[in-house]
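In the numbering used here, the protein residues as written are 1116 to 1378.
Only one structure is covered here, and it is reproduced in the block below.
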């Protein structure tokens, strides 16, 4: 199904949700004459954009207090700033890896103007969203075993697929930044991230400044693997200098105070 039909169907789902308050996968599949798998992808994409809440077998409207207080623009202001800054590093026809995560997913709208991209990802959400772009990149999926905690594909098969290619850049987030060691994570599955870094000539870490200095026991990428850190302009100068002393270029994206909240 083409992009226009996908967008029309998703608008139709939201219209039904506004009328009924809830929708089911079964009913939507019948109404739109498509598969339940496609409907589930639609609901996931709409939830990721803050437009509904998934429930078993379907979806419900967002509570009014969430709609008024936590719209997508308000929640994602810092991530949008990071994405705009990171996107300036990407040139047409680059081969890039987008790791799973909400921060890297914020890059997606910024890729619309890029031409001839090849994008590898281990995220189903990112893969589906790439198909909506005006200049649709060539999409590569890692495959592998699905990990519910990170909502991404992991494992040896994914690592083998990655090692069959080479890339210009990796864009990856982090749960925390240890100023002495590098990026840290709550997830114990760090092997795929390290393989991603190995097969990319330039590793770009995207992380909000309030995560810098947060020490988590799982080291993901050491500073020696990282070329650029993209963060926001709330980063203290002392932390910036410490990171730069590790040989890492630091980009501090300006964030509008309007609509900004902690994330």
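Even glycine gets a Cβ: it sits at the ideal position worked out from N, Cα and C.
All figures in this text were calculated on a predicted structure; none of them were measured in a lab.
Could you check how far apart the C-beta atoms of residue 1282 and residue 1210 are, in whole angstroms? I think they sit under 8 Å. To locate residue 1282, count along the chain shown from 1; it is residue 167. To locate residue 1210, count along the chain shown from 1; it is residue 95. 5 Å between Cβ atoms; contact.
What do you get for residue 1370, buried or exposed, if any count of 16 or more other CB atoms within 10 angstroms of its CB means buried? As a working note, residue 1370 is residue 255 in the chain shown. By the neighbour-count criterion, in which 16 or more other beta carbons inside 10 Å mark a residue as buried, residue 1370 falls on the buried side.
Leaving aside the five residues before and after residue 1162 along the sequence, list all residues of the same chain whose C-beta is less than 8 Å from its C-beta, in chain order. Translated into positions along the chain shown, residue 1162 becomes position 47. Taken in chain order, the residues that qualify are 1168, 1169, 1174.
The alpha helix (DSSP H) enclosing residue 1168, as first and last residue numbers: Indexing the chain shown from 1 puts residue 1168 at position 53. That residue, residue 1168, is in no alpha helix (DSSP H); its beta strand (DSSP E) goes 1168 to 1170.
Using a Cβ-Cβ cut-off of 8 Å (strictly less than) and excluding sequence neighbours within five positions of residue 1150, which residues of its own chain qualify? Residue numbering aside, residue 1150 sits at position 35 when the chain shown is read from its first letter. The residues are 1144.
Classify residue 1316 as helix, strand or coil using the three-state DSSP reduction. Reading the chain shown from its first residue, position 201 is the one you call residue 1316. Residue state, collapsed to three classes: strand.
Touch check for the segment 1271 to 1291 and the segment 1192 to 1211: three-plus C-beta pairs under 8 Å? Here the segment 1271 to 1291 lies against the segment 1192 to 1211, with 3 or more beta-carbon pairs under 8 Å apart.
Would you call the CB atoms of residue 1257 and residue 1235 closer than 8 Å? The residue given as residue 1257 occupies position 142 in the chain shown. The residue given as residue 1235 occupies position 120 in the chain shown. Yes.
Residues of its chain near residue 1357, where Cβ-Cβ distance is below 6 Å and the 5 sequence neighbours each way are ignored: Here residue 1357 refers to the residue found at position 242 when the chain shown is read from its first residue. The answer, listed in chain order, is 1294.
Whether residue 1336 touches residue 1298 by CB criterion (8 Å): Taking the first residue of the chain shown as 1, we reach residue 1336 at position 221. Taking the first residue of the chain shown as 1, we reach residue 1298 at position 183. Yes, Cβ-Cβ distance for residue 1336 and residue 1298 is below 8 Å.
In this structure, how does DSSP classify residue 1371 when only helix, strand and coil are distinguished? As a working note, residue 1371 is residue 256 in the chain shown. The answer is coil: DSSP assigns residue 1371 none of H, G, I, E or B.
Could you have a look at residue 1298 and say whether DSSP puts it in helix, strand or coil? In the chain shown, the residue the question calls residue 1298 occupies position 183. Residue state, collapsed to three classes: strand.
Which residue comes first and which comes last in the beta strand (DSSP E) that contains residue 1335? As a working note, residue 1335 is residue 220 in the chain shown. Residues 1333 to 1337.
Does the beta-carbon distance from residue 1291 to residue 1216 come in below 8 Å? Along the chain shown, read from residue 1 onward, the residue named residue 1291 stands at position 176. Along the chain shown, read from residue 1 onward, the residue named residue 1216 stands at position 101. Going by C-beta atoms, residue 1291 is not nearer than 8 Å to residue 1216.
Identify every run of the beta strand (DSSP E) within the segment 1186 to 1238, keeping only runs that are complete inside it and at least 3 residues long; order them along the chain. 1210 to 1213, 1233 to 1236
For residue 1240, which residues of its own chain have a beta-carbon under 6 Å away from its beta-carbon, when the five flanking residues on both sides are left out? Counting from 1 along the chain shown, the entry for residue 1240 is found at position 125. Excluding residues within five positions, the ones whose Cβ falls inside 6 Å are 1163.
Where does the unbroken beta strand (DSSP E) through residue 1285 begin, and where does it stop? Locating residue 1285 in the chain shown gives position 170, where the first residue counts as 1. It spans 1282 to 1287 - the beta strand (DSSP E) in which residue 1285 sits, taken as one unbroken run.
Could you check whether the segment 1247 to 1255 touches the segment 1263 to 1271, counting it as contact only if at least three pairs of C-beta atoms, one from each stretch, sit closer than 8 Å? no
Which residues share a DSSP beta bridge with residue 1175? Here residue 1175 refers to the residue found at position 60 when the chain shown is read from its first residue. Answer is 1137, 1168.
DSSP bridge partner residues for residue 1346 (one or two, in chain order): As a working note, residue 1346 is residue 231 in the chain shown. BP columns for residue 1346 point to 1367.
Spatial neighbours of residue 1160 within its chain, please: CB distance less than 8 Å, with the 5 preceding and 5 following residues excluded, ordered by chain position. Translated into the one-based positions of the chain shown, residue 1160 becomes position 45. So the list reads 1125, 1240, 1243, 1244, once near-sequence residues are dropped.
Looking at the structure shown, is residue 1290 part of a helix, part of a strand, or coil, going by DSSP? Here residue 1290 is taken as the residue at index 175 of the chain shown, counted from 1. DSSP places residue 1290 in coil when its eight states are reduced to three.
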